[in-house]
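*Asks:*
There are 4 protein chains.
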Amino acid sequence: MSQDSTDAAPRPGAARKSIGAKRNPASADAIRKAAAEILEKDGYARFSIEAVARRAHAGKPTIYRWWPSKAALLVDIYHRQKQGMPDPDTGRLADDLAIFLEGLLRLWRETPSGAIFRSIIAEAQSDETAAEALRAYLDERIAHSSQMIRRAQARGEIASGIDPASAMDLVISLAWCRLLTGRLDMETAAVKAAVSLFVESWRA
Amino acid sequence: MSQDSTDAAPRPGAARKSIGAKRNPASADAIRKAAAEILEKDGYARFSIEAVARRAHAGKPTIYRWWPSKAALLVDIYHRQKQGMPDPDTGRLADDLAIFLEGLLRLWRETPSGAIFRSIIAEAQSDETAAEALRAYLDERIAHSSQMIRRAQARGEIASGIDPASAMDLVISLAWCRLLTGRLDMETAAVKAAVSLFVESWRA
Amino acid sequence: MSQDSTDAAPRPGAARKSIGAKRNPASADAIRKAAAEILEKDGYARFSIEAVARRAHAGKPTIYRWWPSKAALLVDIYHRQKQGMPDPDTGRLADDLAIFLEGLLRLWRETPSGAIFRSIIAEAQSDETAAEALRAYLDERIAHSSQMIRRAQARGEIASGIDPASAMDLVISLAWCRLLTGRLDMETAAVKAAVSLFVESWRA
Amino acid sequence: MSQDSTDAAPRPGAARKSIGAKRNPASADAIRKAAAEILEKDGYARFSIEAVARRAHAGKPTIYRWWPSKAALLVDIYHRQKQGMPDPDTGRLADDLAIFLEGLLRLWRETPSGAIFRSIIAEAQSDETAAEALRAYLDERIAHSSQMIRRAQARGEIASGIDPASAMDLVISLAWCRLLTGRLDMETAAVKAAVSLFVESWRA
DNA sequence: ACCTAAGCGAGACGGTACGTCTCGTCTTGCG
DNA sequence: CGCAAGACGAGACGTACCGTCTCGCTTAGGT
Numbered sequence: 012m013s014q015d016s017t018d019a020a021p022r023p024g025a026a027r028k029s030i031g032a033k034r035n036p037a038s039a040d041a042i043r044k045a046a047a048e049i050l051e052k053d054g055y056a057r058f059s060i061e062a063v064a065r066r067a068h069a070g071k072p073t074i075y076r077w078w079p080s081k082a083a084l085l086v087d088i089y090h091r092q093k094q095g096m097p098d099p100d101t102g103r104l105a106d107d108l109a110i111f112l113e114g115l116l117r118l119w120r121e122t123p124s125g126a127i128f129r130s131i132i133a134e135a136q137s138d139e140t141a142a143e144a145l146r147a148y149l150d151e152r153i154a155h156s157s158q159m160i161r162r163a164q165a166r167g168e169i170a171s172g173i174d175p176a177s178a179m180d181l182v183i184s185l186a187w188c189r190l191l192t193g194r195l196d197m198e199t200a201a202v203k204a205a206v207s208l209f210v211e212s213w214r215a
Numbered sequence: 012m013s014q015d016s017t018d019a020a021p022r023p024g025a026a027r028k029s030i031g032a033k034r035n036p037a038s039a040d041a042i043r044k045a046a047a048e049i050l051e052k053d054g055y056a057r058f059s060i061e062a063v064a065r066r067a068h069a070g071k072p073t074i075y076r077w078w079p080s081k082a083a084l085l086v087d088i089y090h091r092q093k094q095g096m097p098d099p100d101t102g103r104l105a106d107d108l109a110i111f112l113e114g115l116l117r118l119w120r121e122t123p124s125g126a127i128f129r130s131i132i133a134e135a136q137s138d139e140t141a142a143e144a145l146r147a148y149l150d151e152r153i154a155h156s157s158q159m160i161r162r163a164q165a166r167g168e169i170a171s172g173i174d175p176a177s178a179m180d181l182v183i184s185l186a187w188c189r190l191l192t193g194r195l196d197m198e199t200a201a202v203k204a205a206v207s208l209f210v211e212s213w214r215a
Numbered sequence: 012m013s014q015d016s017t018d019a020a021p022r023p024g025a026a027r028k029s030i031g032a033k034r035n036p037a038s039a040d041a042i043r044k045a046a047a048e049i050l051e052k053d054g055y056a057r058f059s060i061e062a063v064a065r066r067a068h069a070g071k072p073t074i075y076r077w078w079p080s081k082a083a084l085l086v087d088i089y090h091r092q093k094q095g096m097p098d099p100d101t102g103r104l105a106d107d108l109a110i111f112l113e114g115l116l117r118l119w120r121e122t123p124s125g126a127i128f129r130s131i132i133a134e135a136q137s138d139e140t141a142a143e144a145l146r147a148y149l150d151e152r153i154a155h156s157s158q159m160i161r162r163a164q165a166r167g168e169i170a171s172g173i174d175p176a177s178a179m180d181l182v183i184s185l186a187w188c189r190l191l192t193g194r195l196d197m198e199t200a201a202v203k204a205a206v207s208l209f210v211e212s213w214r215a
Numbered sequence: 012m013s014q015d016s017t018d019a020a021p022r023p024g025a026a027r028k029s030i031g032a033k034r035n036p037a038s039a040d041a042i043r044k045a046a047a048e049i050l051e052k053d054g055y056a057r058f059s060i061e062a063v064a065r066r067a068h069a070g071k072p073t074i075y076r077w078w079p080s081k082a083a084l085l086v087d088i089y090h091r092q093k094q095g096m097p098d099p100d101t102g103r104l105a106d107d108l109a110i111f112l113e114g115l116l117r118l119w120r121e122t123p124s125g126a127i128f129r130s131i132i133a134e135a136q137s138d139e140t141a142a143e144a145l146r147a148y149l150d151e152r153i154a155h156s157s158q159m160i161r162r163a164q165a166r167g168e169i170a171s172g173i174d175p176a177s178a179m180d181l182v183i184s185l186a187w188c189r190l191l192t193g194r195l196d197m198e199t200a201a202v203k204a205a206v207s208l209f210v211e212s213w214r215a
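Residue numbers (the working numbering), protein chains in the order written: chain A, 12 to 215; chain B, 12 to 215; chain C, 12 to 215; chain D, 12 to 215.
#1: On the CB-based measure, 16 or more other CB atoms within 10 Å of its CB, does I127 of chain A come out buried or exposed?
#2: Measuring straight from C-alpha to C-alpha, what distance separates G102 of chain A and W187 of chain B?
#3: Between S156 of chain B and A144 of chain B, what straight-line distance do the alpha-carbon atoms span, to the nearest angstrom?
#4: Do L116 of chain C and L195 of chain C have their beta-carbon atoms positioned less than 9 Å apart in this structure?
#5: Could you please give the first and the last residue of the uninterrupted alpha helix (DSSP H) stretch that includes A46 of chain D?
#6: Please specify which runs of the beta strand (DSSP E), each continuous and at least 3 residues long, are wholly inside the segment 107-182 of chain D, giving them in chain order.
#7: Roughly how many angstroms lie between the CA atoms of S130 of chain A and A82 of chain A, to the nearest whole one?
#8: Where I183 of chain C and E134 of chain C are concerned, what is the direct C-alpha to C-alpha distance, given to the nearest angstrom?
#9: Any beta carbon from chain A within less than 9 Å of L118 of chain B's own beta carbon?
#10: Considering only heavy atoms of the ligand FAD, does any lie closer than 8 Å to the CB of G193 of chain D?
#11: Could you give the C-beta distance for E61 of chain B and K71 of chain B, rounded to a whole number, given that I count them as a contact under 8 Å?
#12: Do R34 of chain B and W78 of chain B count as a contact pair if the criterion is CB distance below 9 Å?
#13: Looking only at its chain, what residues have a beta carbon closer than 7 Å to the beta carbon of S13 of chain C, apart from the 5 residues adjacent to it on each side?
#14: Whole angstroms is fine: what's the gap from A163 of chain C's alpha carbon to V202 of chain C's?
#15: Grab me the residues of I169 of chain B's own chain with a C-beta within less than 8 Å of its C-beta, minus the 5 sequence neighbours each way, in chain order.
#16: With 9 Å as the C-beta to C-beta threshold (strictly closer), list the residues of the segment 185-198 of chain D near chain C in chain order.
#17: Please decide whether I49 of chain A counts as near chain B, where near means a Cβ-Cβ distance under 9 Å.
#18: Along the segment 51-65 of chain C, where does the CB come closer than 8 Å to a CB of chain D? Name the residues.
#19: Measuring straight from C-alpha to C-alpha, what distance separates Q92 of chain B and P123 of chain B?
#20: For A142 of chain A, return the contacting residues in chain B, with the cut-off set at a CB-CB distance below 7 Å.
#21: Please list the residues of the segment 144-156 of chain B that have a C-beta atom closer than 8 Å to any C-beta atom in chain A, keeping them in chain order.
#22: Taking a Cβ distance cut-off of 8 Å, strictly less, list which residues of the segment 96-120 of chain B are near chain A, in chain order.
#23: Within the 9 Å Cβ cut-off, does E168 of chain A reach chain B?
#24: Find the nearest neighbour of A200 of chain C within the set D:D174, D:A200 and D:A204, judged by alpha-carbon distance.
#25: Please report whether the beta-carbon of R161 of chain D lies at a distance below 9 Å from any beta-carbon of chain C.
#26: Determine the direct distance from the alpha carbon of A165 of chain C to that of G95 of chain C, and round the result to whole angstroms.
#27: Taking the alpha carbon of Q136 of chain B as the reference point, which residue from A:L191, A:E48 and A:I74 has its own alpha carbon closest?
#28: What's the C-alpha gap between S80 of chain D and A47 of chain D?
#29: Could you give the uninterrupted runs of the alpha helix (DSSP H) lying entirely in the segment 67-106 of chain A, keeping only those of 4 residues or more?
#30: Would you identify the three-state DSSP class for T199 of chain B, choosing helix, strand or coil?
#31: Could you give the C-beta distance for V63 of chain C and I74 of chain C, rounded to a whole number, given that I count them as a contact under 8 Å?
#32: Please check if any C-beta of chain A sits within less than 9 Å of the C-beta of S212 of chain B.
#33: What does a CB cutoff of less than 6 Å around Y55 of chain B pick up in its chain, not counting 5 residues either side in sequence?
#34: In this structure, how does DSSP classify S207 of chain D when only helix, strand and coil are distinguished?
#35: Where does A56 of chain A sit, in a helix, a strand or coil, going by DSSP?
#36: What's the C-alpha gap between R43 of chain C and D138 of chain D?
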C-alpha cells in the first residue's frame, strides 16, 4: 500500500463507531490486524503508530490508550501469533531439540512472526519497556522449553549436572542470531548437526 | 547535554575549517567522537545525524558525504572502538574460547561498544543497508575468530569434520543473545562451562 | 533577533496546544504575526518558513498545512495589512487618483506592507504559484480601482473610449516601479503632476 | 539539464586551465555563457552560483573572485545581452516611443534578457548591492532614453515644462510592470494607444 | 633560467533552509 | 466515557546552495 495515497485497508462495511463507555473489541482487533499486516507487508521500517491508525481506521489516541508504546503492541501481536509451536516429546533429546529448532526457524521464516519478533528485539534496544518485556518473555520461553532437557535428564540421557536453562539458552541463542542476521534457511542436516553437537557434550 | 538548549560540545579552540579540496580528518574525528558520546550518554534513542552534527559543530552534509547512512556511521565507530580485543592462542581451544568470549562480553559491558553494537543490530532490523553491513561484518568476524578452531583441528584437539565457521557461529550467537537481552554479566565459571560444553562435543 | 541564538518570540504564557480536530486560530495568528515581524525587522532576505516557525513556536508542518508556499503566506499577510487604503470619490478624477496614489505610496513607505509587497513580487519571479497569485491580485486591484475611472467616464469627465483597466494599469505601474526601485518618496506635487498628465490625455 | 545527473555543459575540448597570473578570459566567458543558459533554460529559480560553476566547469571561487554576488553576475550578463535596442529618431515623439517600447517588450519577450532582468529586480528586493546596481542602471537608462523627449521639446512638439526624466519614467514603469507580471504580449495597437495617451497630455 | 605570485578547477568545510515525515498529546463532536 | 478524526509543537530526515577555504596545477613576468 506504500504506493497508495491512502494506506487504509478497505472498510469492511459501515464505519466502526464507539460502543459507548467501554472498550470496543472490534477496534482493538482492527488495530492488531492492521499492525500485523503492515509488519508482514512493509516490514518494521514502515511500522509506525501513525500507519497502524491509518490502516485500522482508528484514532491514534485509541492506540495509545490501550498500548502504551510501540513495543507493547508488538509483543501483544507476537503472543497471539505464536500458536502451534511444536512441543515435542519423542523420548530422544536430539530429536526433540531438532524438531523444536526446525519448527521455530520455519515459523519465523514462513509466518509474519519472524518479522514481528525481529522488530521487538530491535525496539528493545532503545526502549526500556520493550527490553523488560523481551527479557521476561525470554525467561518464560526458556523455562518452558528447558522441560525437554529436564525430561532427558530424568531419563538419564544426559548428565544431571547440566543446568537446563543455560543449556536451552544456547539453543535459543542460535535461533535468535539466525533470525537477526537473516539466515533462517538452515537445512535440516545442519540443524541436526548443531543439535547433536550440543547433546553429545551433555552426555553423562 | 540533553538539558542544554544547544547540544554542542564545547569548542576546543578556534572553529574548525576546511583544509582544502580534501577530507579534513579533524572533522571526521570530531564527528565520530560526537557520535560515540551521544550513544554513551543518551543512548541510541537520541542518536540522530542532526544531533551528531550539532554536537560535532559539523554540517549535516559533511556527515552524509562520508557516511551514507546512520548505520555506516555506527559501524565505523564500532570498528574503531573494538581494538584490543584478545586474539588468544594458548594451545588449548577451551582456554582460547573462554578468553575470547569473556573478553568480548567484558568489552561490551565496560565500554560503549556494547551499546553501539546493540544499536547496529537494531538498525539492521529496519534498514537493509545496515543489515547488509551487519551480515558482512559478522562473516568477517566469524572467518577471523574461527582460526582458533582451525588451529585446534590442526593440533588434532578436535574432530576435523567440524565446520569451523558453524562452530564459531554458536559461540558468537551466545554472546549476541546475551548482549541483546542485557545479560552480559556472565561469570567466568559460566563462560568456562559453556565453552567446555562446546569443546567436549567437538572432540574427535 | 538575529543576534539571538534562538529567534523565538517570548512565549506569552503557557504553550499553545491543539484545540482538537480543527484549525487553531491562535496558531494561525501567531504565525502571521511572526512572519510580519520578521519581514519588518530583518527583511525578506531573512524570511524563511523555518524562521517563522521558530519565532511563532509553531511546527513547520502547521505552516505548510495552511499556506502551501512562502508566497501564499506573504500574500495573506499583505492582504490583512492593507486595510484602510483610501477609496476616494471626490467627483474629480485627478483628485481621486492623486489621493489614491499618494495613499498607496505612503502606505508602502510607512508600514511594513511595502516591504511585504516587494517580497511578493520578488518571489513571483522564481515561483510560479507566487506569480499566479500576484497576477490574480493585480487583476483584482485594477478591477476595483478602475471604478474611479469608470465613474469619471459616467460623469463625462474623460473620453468613454478609454479602457478603464488599461488606464489604471498605467497608474499602478508607476507605483510599482517606484516601490521596486526604492523611490517611494514622491512629493505631492510630483504625484499631482503625474496624475494630471494622465487625466489631461484622457479628456474627451 | 535538470534531468541530467551532471548539469555540466559538454566540454568543448581539453580542460580549461590557468593561463598564469592573470585573469583567463575564457573562464569569464564560460561563466557568463553558463549563467545565461541556465537562466534561459531553467529560469531564475534554478539559477545558483553552484549551478553556474558546475555548468561552466569552473570553480566557485573563480566566480566569486570576479563577481562579488549573484546580482553582479546577473547585471553583467544583462548588460552584454542588451545590445541592438532601437534608439529611434523619426521626428515624431509618438512614433519614437512606440518603437522604443515595442522593441523593449519584444527584446524581453524573445531573448533571455527578459528573464535576466526579472531576476535582477527580484534579487534587488533582498540584496542591497543589487538594489544599488538596479537604481544606477535605471537612472542611466532613463537619462539616455529621455533624449527622445528632449528632442521633441526642442522641436516644440511637446511642452517645455515637462520633466523629461519623469516623463520617461512613466513609459519605463509601464514596461517593467508588464515584465514582472508576465504580460509582455502587448499588441502594437495597445502600445500605440498607451504612447499617444502620454504624448497627447504632454502637448503644449 | 629560475622563482614567485596569481589564476585556475576542484571540492571539502560549517551552515541554513528546504519540504516531508512521524512522534505523542490534545480536543472536538458523535454515539 | 469510548471512539474516529485530525490539528498541534517538536524535531529528524536527506538535499540544495551558500560563501569561504585550501589544495595542487599551470603559466607569465620579474630578476
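Glycine residues also receive a C-beta, built at the ideal position from the N, C-alpha and C atoms.
*Replies:* This is what the structure holds:
#1: With a threshold of 16 other beta carbon atoms within 10 Å, I127 of chain A meets it and is buried.
#2: Cα to Cα, the separation comes out at about 31 Å.
#3: Within the model, the alpha-carbon separation for S156 of chain B versus A144 of chain B is close to 18 Å.
#4: Here L195 of chain C is near L116 of chain C, since their CB atoms are less than 9 Å apart.
#5: Unbroken alpha helix (DSSP H) run through A46 of chain D: P36 to D53.
#6: With a minimum length of 3 residues, no continuous beta strand (DSSP E) run stays inside the segment 107-182 of chain D.
#7: Using only the alpha carbons, I get a separation of about 8 Å.
#8: Answer to the nearest angstrom: the Cα atoms are 19 Å apart.
#9: The C-beta of L118 of chain B comes no closer than 9 Å to any C-beta of chain A.
#10: Among the components of this structure there are no ligands whatsoever, and the ligand FAD is therefore not found.
#11: The pair is a contact, with the Cβ atoms about 7 Å apart (cut-off 8 Å).
#12: No. Outside cutoff.
#13: Note on S13 of chain C: pLDDT 41, under 50, position unreliable in the model; the coordinate value appears next. Answer for S13 of chain C: D53 and R57, listed in chain order.
#14: Their backbone Cα atoms lie some 19 Å apart in a straight line.
#15: Scanning its chain for C-beta atoms nearer than 8 Å, with the 5 sequence neighbours on each side dropped, one finds around I169 of chain B the residues L104, I160, A163, V210, W213, R214 and A215, in chain order.
#16: Among the residues of the segment 185-198 of chain D, those with a Cβ less than 9 Å away from any Cβ of chain C are L185, A186, W187, C188, R189, L191, T192, G193 and R194, in the order of the chain.
#17: Residue contact check for I49 of chain A against chain B: no CB pair falls below 9 Å.
#18: Answer set for the segment 51-65 of chain C: G54, Y55 and A56.
#19: Looking at the two C-alpha atoms, the distance is approximately 8 Å.
#20: In chain order: G193.
#21: Result list: L145, R146 and L149.
#22: For the segment 96-120 of chain B, the beta-carbon criterion of a distance under 8 Å to any beta-carbon of chain A is satisfied by none of its residues.
#23: No, E168 of chain A does not count as interfacial toward chain B.
#24: The shortest Cα separation from A200 of chain C among D:D174, D:A200 and D:A204 belongs to D:D174.
#25: Not closer than 9 Å to any Cβ of chain C, the Cβ of R161 of chain D fails to qualify, so no.
#26: Straight-line Cα distance between these residues: approximately 26 Å.
#27: Residue A:L191 is the option with its Cα nearest to Q136 of chain B.
#28: Cα-Cα distance, rounded: 15 Å.
#29: Taken in chain order, the complete alpha helix (DSSP H) segments of 4 residues or longer contained in the segment 67-106 of chain A are 71-77 and 81-92.
#30: In this structure, T199 of chain B counts as helix in the three-state DSSP scheme.
#31: Going by Cβ atoms, the distance from V63 of chain C to I74 of chain C rounds to 6 Å, so yes, they are a contact pair.
#32: Taking Cβ atoms only, chain A reaches closer than 9 Å to S212 of chain B, which makes this a yes.
#33: Closer than 6 Å at Cβ, skipping near neighbours: S130.
#34: If DSSP states are grouped into helix, strand and coil, S207 of chain D belongs with the helices.
#35: It is helical.
#36: The straight-line gap from Cα to Cα measures roughly 24 Å.
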